[in-house]
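Number 62 in UniProt numbering belongs to position 62 of the sequence shown; there are no gaps in the numbering. Every residue, glycine too, gets a C-beta built ideally from N, C-alpha and C. Please read all numbers here as calculations on a predicted model, not as lab measurements. Structure record follows, encoded as structure tokens.
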Amino acid sequence: MIIKRRAITFAIITFLLLLGLIYRLADIQLLHTESFSTEKVNLIEESVRQRTQVMVLDQGRGRFVDRNGDALTHNYHPSLILFPFLKNMEWPIEELASILNIPKMNLLKAIEEMEDPIVFGEPEPFPLSEKQMKQINEMKIPGVFAVYRQSKVDRLVAEHLIGIIREDKDQVLERYKDKVEEGNLSVHTPIGILGLQKVFDEFLLPEGESKLLYHVDNQGGPLFGIDVKYTEPANPYYPISIQTTIDKGIQTEAERIVTAAGLKKGGIVLIDIEENEILSMVSKPSLNHSNPYSDDGGAHNFLLQPQIPGSVFKTVVAAAAIEHNMITPNSEFNCDLDLYGDIDKNHEMGTLNFEDSFAQSCNYTFASLANELIKKHPDVIEQFSDKLGLTQAVGWKGNVFHFNEFNQLPLNQEGKIWGDRYEKSSEDAVSQTAIGQKEVRITPLAVANMMATIARGGEKKQVKAVSKILYKNGSTLYSFDDQEIDGDQLAPYTVMKLQQLLRQVVADEKGTGRRFQSLATDVAGKSGTAETGRNNDRGDLVNKWFAGYFPAAKPKYALVVVELDVLGSESVTNDIFYKIVDHLEQ
């Protein structure tokens with residue numbers, strides 16, 4: 001009886017084990033072949049990978065190009081692909097060497113040394129002309145192919161704006177769980193984690209690789225003869241290209257100028273005034289691709305983050321005073337006084353009119369004007385900040401296909417004027433706010449947009465970083481049209497007076513921008529030195545700004561340079577502004 005019970009128990013256990021093994025086998029071969037285990041392994045891909053030699057021609061992810069179509073992330077170069085089985089067969093190597101105009105031994109050496117398919121000439125592909133490619137392919141030699149192959153650009157530019165990609169299994173599952181479960185996306189697919197790479201990630205995801213495949217046995221020998229197969233995604237319109245508004249030439253030179261000047265923290269942003277498009281954006285410190293989120297990894301794009309603007313903000317108070325008719329030809333201000341009305345022995349400027357006060361950046365003038373304005377119009381400063389586009393996130397935003405409120409620059413933050421409503425009842429707080437201190441925080445991009453707005457005559461536009469999404473063949477999938485920023489605009493007379501004030505900052509012999517008088521073109525703009533409340537063992541740290549546009553008579557560019565947390569005596573802001581303008585006007 002006991003033996004019978006043991007036999008039954010053993011049979012049941014054996015049956016359950018066999019059932020488990022059968023289920024496991026079915027799970028591997030039938031149920032989850034493309035998404036196996038918690039790792040979501042594609043078993044079909046892994047099986048193929050073990051018995052094939054592969055030369056990937058295009059990983060399938062979309063790319064970024066500049067406004068002229070020049071590659072920013074990766075490009076396609078003519079490449080000569082050679083497969084290792086060539087060493088075991090006779091083929092017209094002399095004829096190929098003749099087409100390439102190289103010694104036969106160069107090819108023989110490359111073939112003898114390779115174990116996997118190679119790009120001849122690596123690390124730099126051997127240069128091929130279209131004629132050479134045609135001649136090589138017409139020979140129809142098994143294992144010899146002249147094709148376009150994806151390669152990284154020699155030097156990445158605009159890294160903070162473009163962003164980076166990397167493998168991140170958790171993020172892939174969080175964003176694209178359905179695609180993974182359907183077997184359309186591997187958890188190991190690199191995705192955008194920063195910048196425009198992240199913003200446009202869903203457009204850029206690969207539909208599959210373009211590659212040359214050669215099947216081998218476990219000894220590396222041919223499995224199905226010497227037939228090399230070419231595979232590519234079925235959709236001929238992909239991968240797409242994101243056409244940015246960046247000008248690669250200008251961007252490259254701006255990065256060189258900023259780096260050579262030694263700017264450690266801050267950056268520059270350059271806008272095409274007519275189109276309101278970003279031509280160049282440089283943020284420092286540089287991006288650390290291996291660890292971008294470390295303390296010095298450079299993941300922060302300071303051009304999109306609110307900063308203390310200092311006297312650049314006086315432009316807002318000036319606009320409000322002009323539009324509310326507070327300025328007359330006889331208006332004068334005692335600029336021996338500081339912003340609180342006390343004698344300032346370190347900055348005695350004498351009695352100045354409104355125009356000279358702006359050119360020389362007299363704190364007392366704008367503190368007193370702001371206090372007068374707020375007594376009559378409590379919301380006047382934020383109203384005029386809004387008219388100049390300083391308080392909104394100014395990046396392009398709108399509906400794109402099924403994306404509602406698609407935002408090209410989602411990390412671009414809104415500006416801030418007041419800490420709380422009680423500050424407006426404090427004359428000291430109003431005075432500090434009037435000169436861009438206290439709680440005032442504005443992004444450098446918004447300041448550049450303010451300058452573009454004034455230069456255009458007061459028309460407020462959203463700022464674009466991307467102009468089009470292009471199919472593989474170059475036709476347009478989507479075009480980002482110009483969009484205005486909602487809200488009131490400045491009166492034409494006010495804009496005209498602001499243009500005169502900004503020009504005087506440079507043209508006046510005592511103006512804070514007089515350094516730029518020697519440039520070949522006329523510049524209009526405003527300087528700013530903002531106290532940060534921070535210091536090091538050598539002194540107080542400030543934010544140094546210059547924001548302007550040029551040529552003053554027919555504005556084409558708006559440029560902002562800001563250096564953050566720097567000793568005032570060591571700032572390179574003006575040097576950088578000068579050199580960028582000089583380069584653009586050559």
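- Taking 3 residues as the shortest admissible run, the segment 419-477 contains the following complete beta strand (DSSP E) segments, listed from N- to C-terminal end: 466-470.
- Bounds of any beta strand (DSSP E) do not take in serine 569, whose DSSP letter is neither H nor E.
- Pairwise C-beta distances place the segment 252-259 out of contact with the segment 68-86, as fewer than three of them are shorter than 8 Å.
- Leaving aside the five residues that flank alanine 359 on each side, the residues in its chain whose CB is nearer than 6 Å to its CB run, in chain order, Gln504, Val505, Asp508 and Gly511.
- Secondary-structure assignment with DSSP links phenylalanine 546 through a beta bridge to Ser527 and Val561.
- Leucine 96 is positioned such that its CB atom lies no closer than 8 Å to that of glycine 143.
- Secondary structure at tyrosine 237: coil, using DSSP grouped into helix, strand and coil.
- Restricting attention to Glu570, Val523, Lys544 and Ala553, the CA atom closest to the CA of arginine 538 is found in Glu570.
- Taking C-beta atoms as the reference points, threonine 244 and leucine 100 fail to come closer than 8 Å.
- The segment 540-549 makes contact with the segment 443-451: 3 or more CB pairs, one atom from each, lie closer than 8 Å.
- Looking at the DSSP output, isoleucine 165 sits in a beta bridge with Gly192.
- With contact defined as three or more Cβ pairs closer than 8 Å, the segment 514-528 and the segment 365-376 are not in contact.
- According to the DSSP assignment, serine 283 belongs to the beta strand (DSSP E) that extends over 277-284.
- Looking at the DSSP output, asparagine 75 bridges to Ser151.
- For glycine 350 and serine 331, the gap between their C-alpha atoms comes out near 14 Å.
- Going by DSSP, serine 210 is part of the beta strand (DSSP E) stretching over 210-215.
- Bridge pairing for phenylalanine 333: Leu352 [DSSP].
- Between the alpha carbons of glutamate 167 and glycine 208 lies a distance of about 16 Å.
- In the structure shown, threonine 532 falls within a strand segment according to DSSP collapsed to helix, strand and coil.
- DSSP places glycine 395 outside any alpha helix (DSSP H), giving it a letter other than H or E.
- Its Cα nearest to that of lysine 248, the residue Asn68 stands out among Glu174, Asn68 and Gln462.
- Per the DSSP secondary-structure output, phenylalanine 145 pairs in a beta bridge with Ile81.
- Glutamate 159 and methionine 114 have their C-alpha atoms some 35 Å from each other.
- A contact between stretches requires three or more CB pairs, one per stretch, nearer than 8 Å, and the segment 226-240 meets this requirement with the segment 459-472.
- Boundaries of the alpha helix (DSSP H) harbouring aspartate 201: 201-204, taken from the DSSP string.
- DSSP places glutamate 122 outside both helix and strand once states are collapsed to three, so it counts as coil.
- Pairwise C-beta distances place the segment 397-416 in contact with the segment 297-305, as three or more of them are shorter than 8 Å.
- Phenylalanine 15 carries a helical assignment under DSSP once its states are collapsed to helix, strand and coil.
- Here isoleucine 268 is near valine 282, since their CB atoms are less than 8 Å apart.
- Distance from the CA of lysine 579 to the CA of phenylalanine 64, rounded to the nearest whole angstrom, comes to 27 Å.
- Apart from sequence neighbours up to five positions away, the residues of its chain that approach phenylalanine 384 with a beta-carbon distance below 7 Å are Val316, Ala319 and Ala320, ordered along the chain.
- Straight through space, the alpha carbons of threonine 391 and proline 123 are spaced by roughly 49 Å.
- A direct Cα-Cα distance of roughly 16 Å separates tyrosine 214 from isoleucine 111.
- Contact annotation: aspartate 522 and alanine 552 have beta-carbon atoms nearer than 8 Å.
- For leucine 185, there is no enclosing alpha helix (DSSP H), since its DSSP letter is neither H nor E.
- Annotation for phenylalanine 313: Gly436 and Val440 place their beta carbon closer than 6 Å to its own, counting only its chain and skipping 5 residues before and after.
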